[in-house]
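Heads up: the structure comes next, in structure tokens.
In full-length UniProt numbering, the protein residues as written are 1 to 307.
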């Protein structure tokens, strides 16, 4: 069963969905910059599981007969849990027409496996990803403004890489992205034990996520879990928290996160190395802040926040 994507996906006159370029970041569908983290071993599970791929040989359009990627599917995926595809991609009906923000239909290799639309990664198989082709996530960027004008966002510390990240996660089969945004935020940043705090959080999230937020980005993620045949795509939405609602939003990290905090989006973070945040998350945050500057992030009204 395929999950349902966000409003970035629309239906053309044919059978395959496509992504609206208007929601993409600058430099979208022309020449693609070589992905970097997708060729890295930042994630410990990928240590010694990638063949080196120089920038100029990343695109599939560049012939490379000597290319010898390392086959890797993590044992947790190979055991075929309910969220994972069958081992043999060629036996999956309709694989070519799976929903994707980047490639429709998917390009398949002679062995029936989808090819990463951004090129070679040095690894074949699925790595830690359950699906052949696109693996869809949803990332809610929850922002608030400090009195000094600096924005802060709710960030979780990932257990796998130790990096700060947006508290997002995978879209379940049949799930609407708007539901995923709230569910993942609650699981990763709102795992509270006190019933009163749980009630306060639920009320605050009703107001916050009820606004729908603003679509920031839908597309490919340069993620260290990507392979030649499986990759991450995400829908990023930004939510601006009113000052009076901020105090009603208690935070507690869930089992998937080592910590949670309001992370200052100051010059040191925004002007530093992209690895300060996980995967492409710094780029997504920058896009969200541009929308805030243009007053295009929808915030719940003060009246609604008081109810």
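We put the beta carbon where it would ideally sit given N, CA and C, even for glycine.
Rounded straight-line distance, which links the Cα of residue j to that of residue i
i: residue 84; j: residue 286; result: 32 Å
i: residue 246; j: residue 76; result: 38 Å
i: residue 80; j: residue 103; result: 26 Å
i: residue 28; j: residue 100; result: Unreliable positioning characterises residue 28 in this predicted model, as indicated by a pLDDT of 40, which lies under 50. The coordinate reading is nonetheless provided below. Looking at the two C-alpha atoms, the distance is approximately 15 Å.
i: residue 206; j: residue 109; result: 45 Å
i: residue 274; j: residue 118; result: 19 Å
i: residue 194; j: residue 250; result: 11 Å
i: residue 220; j: residue 233; result: 4 Å
i: residue 116; j: residue 124; result: 10 Å
Beta-bridge pairing of residue i - partner residues as DSSP gives them
i: residue 170; result: 137
i: residue 219; result: 234
i: residue 262; result: 154
i: residue 142; result: 239
i: residue 252; result: 190
i: residue 164; result: 157 and 277
i: residue 123; result: 70
i: residue 257; result: 158
Environment of residue i [buried if 16+ CB atoms lie within 10 Å]
i: residue 12; result: Below a pLDDT of 50, predicted positions are generally treated as unreliable, and residue 12, at 29, falls in that range; the measurement from the model is reported next regardless. Looking at its Cβ environment, which holds fewer than 16 other Cβ atoms inside 10 Å, residue 12 is exposed.
i: residue 212; result: exposed
i: residue 291; result: buried
i: residue 289; result: buried
i: residue 73; result: buried
i: residue 279; result: buried
i: residue 107; result: exposed
i: residue 138; result: buried
i: residue 131; result: buried
i: residue 257; result: buried
i: residue 55; result: exposed
i: residue 149; result: exposed
i: residue 38; result: buried
Residue nearest to residue i in terms of C-alpha spacing, selected from the options
i: residue 282; options: 104, 164, 144 and 110; result: 164
i: residue 228; options: 202, 53, 105 and 179; result: 53
i: residue 146; options: 241, 134, 224 and 95; result: 241
i: residue 111; options: 95, 122 and 121; result: 95
i: residue 120; options: 187, 65, 45 and 270; result: 65
i: residue 34; options: 134, 122 and 210; result: 122
i: residue 153; options: 238, 129 and 135; result: 238
| message | Below 8 Å, how does it come out for the region 90 to 98 and the region 154 to 162: are there three or more Cβ pairs, yes or no? | response | no
| Does the region 171 to 178 come within contact of the region 193 to 203, defined as at least 3 CB pairs closer than 8 Å? | no
| query | Using 8 Å as the Cβ pair cut-off and three pairs as the minimum, do the region 182 to 189 and the region 212 to 224 touch? | reply | Contact between the region 182 to 189 and the region 212 to 224 is absent, because fewer than three Cβ pairs lie under 8 Å.
| request: Would you check if there are 3 or more beta carbon pairs closer than 8 Å linking the region 49 to 65 to the region 229 to 240? | output: no
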